[in-house]
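Peer 1: Have a look at the structure that comes next, please.
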Amino acid sequence: AQSVTQLGSHVSVSEGALVLLRCNYSSSVPPYLFWYVQYPNQGLQLLLKYTTGATLVKGINGFEAEFKKSETSFHLTKPSAHMSDAAEYFCAVSANTGFQKLVFGTGTRLLVSP
Amino acid sequence: EAGVAQSPRYKIIEKRQSVAFWCNPISGHATLYWYQQILGQGPKLLIQFQNNGVVDDSQLPKDRFSAERLKGVDSTLKIQPAKLEDSAVYLCASSFQSGTEAFFGQGTRLTVV
Numbered sequence: 045a046q047s048v049t050q051l052g053s054h055v056s057v058s059e060g061a062l063v064l065l066r067c068n069y070s071s072s073v074p075p076y077l078f079w080y081v082q083y084p085n086q087g088l089q090l091l092l093k094y095t096t097g098a099t100l101v102k103g104i105n106g107f108e109a110e111f112k113k114s115e116t117s118f119h120l121t122k123p124s125a126h127m128s129d130a131a132e133y134f135c136a137v138s139a140n141t142g143f144q145k146l147v148f149g150t151g152t153r154l155l156v157s158p
Numbered sequence: 384e385a386g387v388a389q390s391p392r393y394k395i396i397e398k399r400q401s402v403a404f405w406c407n408p409i410s411g412h413a414t415l416y417w418y419q420q421i422l423g424q425g426p427k428l429l430i431q432f433q434n435n436g437v438v439d440d441s442q443l444p445k446d447r448f449s450a451e452r453l454k455g456v457d458s459t460l461k462i463q464p465a466k467l468e469d470s471a472v473y474l475c476a477s478s479f480q481s482g483t484e485a486f487f488g489q490g491t492r493l494t495v496v
């Protein structure tokens, strides 16, 4: 079984500050990891993903995440927050073994102040 | 490439009524998911199809929820009878194969009064 824990239901930053959203996962097989963003009244949009290979993955809108197997983490970062980054962010885990479910965390709401 | 299409976008019904949601996934995607997202929470997987077969429906309340994907393409999720706690956004997603990135529709916001 797989699961995801997102630490902090809300994160507040100032515009231009570093964004760090935390995600820890549990998986009995090598995981696939994803970050999705959700704007109000919208579906989920993929920011970035890790499947295999390079552990530092870059996504859209200047976001990146690093897969750390030893820490079972996949934290999302962005060097400089923009007002338009304010949204709900979800970490998700799956795998390529058999028919794996795509399991989501509870989400972190990012608030960006001017 | 067309995205995942869902309808309706919004639905308001009274408790004990029935409702159905429709989803048309991206062409060629074998895996289709239905998620329930209650306000302030993450998406919860209700059912996952691989082509027209059910892979996982462990969290589907089968006494009132049903879903089908008869031809392995579009899918319908039904609730009968609805309860107040079913008020949520129902998200449909599809992926080329199980485990790969999923593409989401805009969702159907259901309000049960």
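Top line first, the protein sequences correspond to chains A and B. Residue numbering for the first sequence follows this note's numbering, starting at 45 and increasing by one per position. Residue numbering for the second sequence follows this note's numbering, starting at 384 and increasing by one per position. Using N, Cα and C, we set each Cβ at its ideal position, and we do this for glycine too.
By the criterion of Cβ-Cβ separation under 7 Å, what are the contact partners of F118 of chain A in chain B?
Peer 2: By 1-based counting over the first sequence, the position of residue 118 of chain A is 74. The contacting residues do not exist; F118 of chain A stays about 14 Å from chain B at best.
Peer 1: Return the CA-CA distance between A131 of chain A and P84 of chain A, expressed in angstroms with no decimal places.
Peer 2: Taking the first residue of the first sequence as 1, we reach residue 131 of chain A at position 87. Taking the first residue of the first sequence as 1, we reach residue 84 of chain A at position 40. Looking at the two C-alpha atoms, the distance is approximately 7 Å.
Peer 1: With DSSP collapsed to three states, give me the class of S24 of chain A.
Peer 2: Here chain A covers residues 45 to 158 and nothing more, so residue 24 of chain A does not appear.
Peer 1: Is there contact here, the segment 114-125 of chain A with the segment 428-439 of chain B, by at least three beta-carbon pairs under 8 Å?
Peer 2: The segment 114-125 of chain A, when compared against the segment 428-439 of chain B, does not touch it at the 8 Å Cβ threshold.
Peer 1: Can you give the Cα-Cα distance for K102 of chain A and E468 of chain B, rounded to whole angstroms?
Peer 2: Position 58 of the first sequence, counted from the first residue, corresponds to residue 102 of chain A. Position 85 of the second sequence, counted from the first residue, corresponds to residue 468 of chain B. If you take the alpha carbons of K102 of chain A and E468 of chain B, they lie about 38 Å apart.
Peer 1: Compare the Cα-Cα distances from G97 of chain A to each of A:E59, A:Q89, A:I104 and A:E110 and report the closest residue.
Peer 2: Mapped onto the first sequence, residue 97 of chain A falls at position 53. For the residues A:E59, A:Q89, A:I104 and A:E110, the minimum Cα distance to G97 of chain A belongs to A:E110.
Peer 1: In chain B, which residues lie less than 9 Å from Q46 of chain A when you measure between Cβ atoms?
Peer 2: The residue labelled residue 46 of chain A in the question sits at position 2 within the first sequence. Within chain B, no residue comes near Q46 of chain A; the closest Cβ sits about 10 Å away, beyond 9 Å.
Peer 1: Do you know how far the Cα of H119 of chain A is from the Cα of L429 of chain B?
Peer 2: Position 46 of the second sequence, counting from 1, holds the residue named residue 429 of chain B. Position 75 of the first sequence, counting from 1, holds the residue named residue 119 of chain A. For L429 of chain B and H119 of chain A, the distance between alpha carbons rounds to 26 Å.
Peer 1: For V101 of chain A, decide whether its Cβ has a neighbour in chain B, counting only Cβ atoms nearer than 9 Å.
Peer 2: As a position in the first sequence, residue 101 of chain A is number 57, starting the count at 1. No - not a single Cβ of chain B is within 9 Å of the one on V101 of chain A.
Peer 1: Would Q50 of chain A pass as a contact of Q144 of chain A if the rule is Cβ separation under 9 Å?
Peer 2: Sequence index remark: in the first sequence, residue 50 of chain A carries index 6 (1-based). Sequence index remark: in the first sequence, residue 144 of chain A carries index 100 (1-based). It is not a contact, given that the beta carbons lie outside the stated cut-off.
Peer 1: Can L155 of chain A and V81 of chain A be called in contact, C-beta distance under 9 Å?
Peer 2: If you number the first sequence from 1, residue 155 of chain A lands on position 111. If you number the first sequence from 1, residue 81 of chain A lands on position 37. Not in contact: L155 of chain A and V81 of chain A (Cβ atoms no closer than 9 Å).
Peer 1: Looking at the strands, I want to know which residues DSSP matches up with K461 of chain B.
Peer 2: Here residue 461 of chain B is taken as the residue at index 78 of the second sequence, counted from 1. Per DSSP, B:A403 and B:S449.
Peer 1: Within 10 angstroms of the Cβ of Q424 of chain B, are there 16 or more other Cβ atoms? Answer buried if so, exposed if not.
Peer 2: On the second sequence, residue 424 of chain B is found 41 positions in, with the first residue counted as 1. That one is exposed.
Peer 1: Give the range of the beta strand (DSSP E) segment to which D129 of chain A is assigned.
Peer 2: Counting from one through the first sequence, the residue named residue 129 of chain A turns up at place 85. Run containing D129 of chain A: none; DSSP gives neither H nor E here.
Peer 1: CB-CB under 6 Å to L146 of chain A, same chain, minus the five flanking residues each way: which ones, in chain order?
Peer 2: As a first step, residue 146 of chain A must be located in the first sequence, where it is residue number 102. The answer, listed in chain order, is A136 and S138.
Peer 1: If you pair each beta-carbon of the segment 487-494 of chain B with each one of the segment 438-458 of chain B, do three or more pairs fall below 8 Å?
Peer 2: The segment 487-494 of chain B is not in contact with the segment 438-458 of chain B.
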